[in-house]
Amino acid sequence: MDSIKNRRTIRKYTEQDIPADLLDSLLEESFRASTMGNMQLYSVVVTRDPEMKAKLAPAHFNQPMVTSAPVVLTFCADYNRFSLWCRQRKAEPGYDNFMSFINAASDTLLVTQNFCTLAEASGLGICYLGTTIYDPARIIQILNLPKLVMPVATITVGYPDEHPDQPDRLPLRAIVHEETYKDYTPAMIDDIYAYKEALPENKHFVEINHTETLAQIFTDIRYTKSDNESMSANLIEVIKKQGF
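For the sequence shown, this note's numbering puts the final residue at 532, and the numbers step up evenly by one.
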């Protein structure tokens, strides 16, 4: 698909709204994704109201696309609906555990990617917000998510108002392992990351951040050990509070 080969993240959108029938069609098609035991362990909260988007924005570090996109979609791992059905059919569910959360989260991410692919093929632009798992408690409160429902991914959607450069990707040889995993030698690491490190924009990042290497921007500035440990503890606590 050309839309996959040429995809790029869109953070600026026109004021054109997304017709409800188009959004519903894309969501319904996305639900054809593979799913654990055909249980469809996910729900999607559609946010169009400007006041609701403004409430969600702080949970996503106030990234401007949260309020400027016509639609914000919060994809949630959901064992609530299936558990309610079980109990109404004289079956006692046992899904208040971490394994069930992983199953539901996997279902959710499969659907999320399906939706993104379909939306981009339809001429829409999307931005995946990894911040959803940084502050899930706030999102749970705003969206009124019950026990056994956990936000996993947020997507902003709209008609593109920009055409940014396509971001780089690692070469095939960096990622594909034949038969068994072959660990990387120092020479292989140098080869794999040479293109990324040589990009002018990445050299500029190193310069303006006063680091010696591009890797240090990730480890020392963007995704630090202390931040990851703090957010990990918070995420585990919220997952437990949501009943998993």
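The beta-carbon is built from N, C-alpha and C at its ideal position, and this holds for glycine as well.
- Where Val332 is concerned, the enclosing beta strand (DSSP E) starts and stops at Tyr330 to Thr335.
- When Cβ pairs closer than 8 Å are counted between the two stretches, the region 307-317 is seen to touch the region 405-413, the count reaching three or more.
- The region 396-403 and the region 465-480 do not touch, with fewer than 3 CB-CB distances between them shorter than 8 Å.
- In the DSSP assignment, no residue is bridged to Ile496.
- Assignment of Thr442 by DSSP, reduced to helix, strand and coil, places it in the strand class.
- Judged by beta-carbon spacing, Ala393 lies within the 9 Å limit of Ala365, meaning their Cβ atoms are closer than that value.
- The region 294-304 makes no contact with the region 318-325; the number of CB pairs closer than 8 Å stays below 3.
- In this structure, Gly531 is the residue among Gly531, Pro338, Ile292 and Lys470 with its C-alpha nearest to the C-alpha of Ile428.
- Under the 10 Å beta carbon count, Val464 is surrounded by fewer than 16 other beta carbons and is classified as exposed.
- Boundaries for Ile509: no beta strand (DSSP E) harbours it, and the DSSP string shows neither H nor E there.
- DSSP places Ala379 outside any alpha helix (DSSP H), giving it a letter other than H or E.
- Here Pro488 carries a helix assignment [DSSP, helix/strand/coil].
- Its Cα nearest to that of Pro352, the residue Val445 stands out among Val445, Ile421 and Ile390.
- By the CB criterion at 9 Å, Lys484 and Leu460 fall outside the cutoff.
- Look at the beta carbons and you see the region 328-345 touching the region 358-373: at least three pairs across the two are nearer than 8 Å.
- When the alpha-carbon of Lys341 is set against those of Tyr330, Tyr472, Leu398 and Leu431, the nearest one is in Leu431.
- Just so you know, the alpha carbons of Lys435 and Val526 end up roughly 10 Å apart.
- About 6 Å separates the Cβ atoms of Phe349 and Thr419, confirming a contact at the 8 Å cut-off.
- Judged by their CB atoms, Leu523 and Ile390 are not nearer to each other than the 9 Å cut-off.
- DSSP places Asp290 inside the alpha helix (DSSP H), whose first and last residues are Asp290 to Lys293.
- DSSP, read as helix, strand or coil, puts Phe532 in coil.
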